[in-house]
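When we follow UniProt numbering, the leftmost residue of the sequence shown carries the number 1, and every step to the right adds one.
Ideal Cβ positions, reconstructed from N, Cα and C, are used throughout, including at glycine.
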Amino acid sequence: MNNYLFKQLRFVRDSTIKQVKEMSEEEARTVPRGFNNNILWNLGHILLVHEKFSFALANEKMELPKHFAEVFAPGTMPKHWGTQVPGLNEILLLLSMQIERTGQTLEHRLEEKLEEPFVTSAGLELLAVKECLSFCIYHEGMHFAAIKAIKQQL
1 MNNYLFKQLR FVRDSTIKQV KEMSEEEART VPRGFNNNIL WNLGHILLVH EKFSFALANE
61 KMELPKHFAE VFAPGTMPKH WGTQVPGLNE ILLLLSMQIE RTGQTLEHRL EEKLEEPFVT
121 SAGLELLAVK ECLSFCIYHE GMHFAAIKAI KQQL
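The structure is reproduced here in structure tokens:
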């Protein structure tokens, strides 16, 4: 993964994982007053959105259990969680493996156009694989900030 975009993806992901590495399961599942979500939700959401933008939009197979969408999709919250919620260690392992898979799968496809343009919830139109990966960096950065804010409140 020599391309700078992949180096940024790796840097951001390593920063996210480092931020929560020493955290307990209980801390990761705590929703502080004033917040809708916890750190575990933010991590799972990063994982799910990256999977969609890096793989699904590039016509690659998403490699997450189907129930992850029910738990981590936009608009979901821990207060509505059922019993199939993955643990912190599982999420961290998947986050780590995901970046490697992204590089292996998409390293030579950065210029490839999407079958159809995709418009994000923020209104940004994505036309190519490299634009999807760039958006993943922005998205993860937003949730990294949320994780830091929640961590400060714990």
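In the structure shown, E70 adopts helical secondary structure according to DSSP, grouped into three states.
Classified as exposed, E26 has fewer than 16 neighbouring CB atoms from the shown chains inside 10 Å of its CB. Under the three-state reduction of DSSP output, L110 falls in the coil class, being neither helix nor strand. DSSP lists E125 as the bridge partner or partners of V119. T83: not part of any alpha helix (DSSP H); DSSP gives it neither H nor E. The C-alpha of S24 is placed about 19 Å away from the C-alpha of F72. When Cβ pairs closer than 8 Å are counted between the two stretches, the stretch 82-89 is seen not to touch the stretch 128-148, the count staying below three. Beta-carbon to beta-carbon, L9 and C136 are separated by about 7 Å, close enough to satisfy the 8 Å threshold. In this structure, DSSP gives R29 a helical state, which the three-state scheme calls helix. DSSP, read as helix, strand or coil, puts N37 in coil. Between F118 and L57, the CB-CB gap stays under 7 Å. Collapsing the DSSP output to three states places T76 in coil.
Annotated as proximal: L95 and L47, with beta-carbon spacing under 7 Å. For F11, the enclosing alpha helix (DSSP H) has its first and last residue at Y4 to V20. When DSSP states are grouped into helix, strand and coil, S24 belongs to the coil group.
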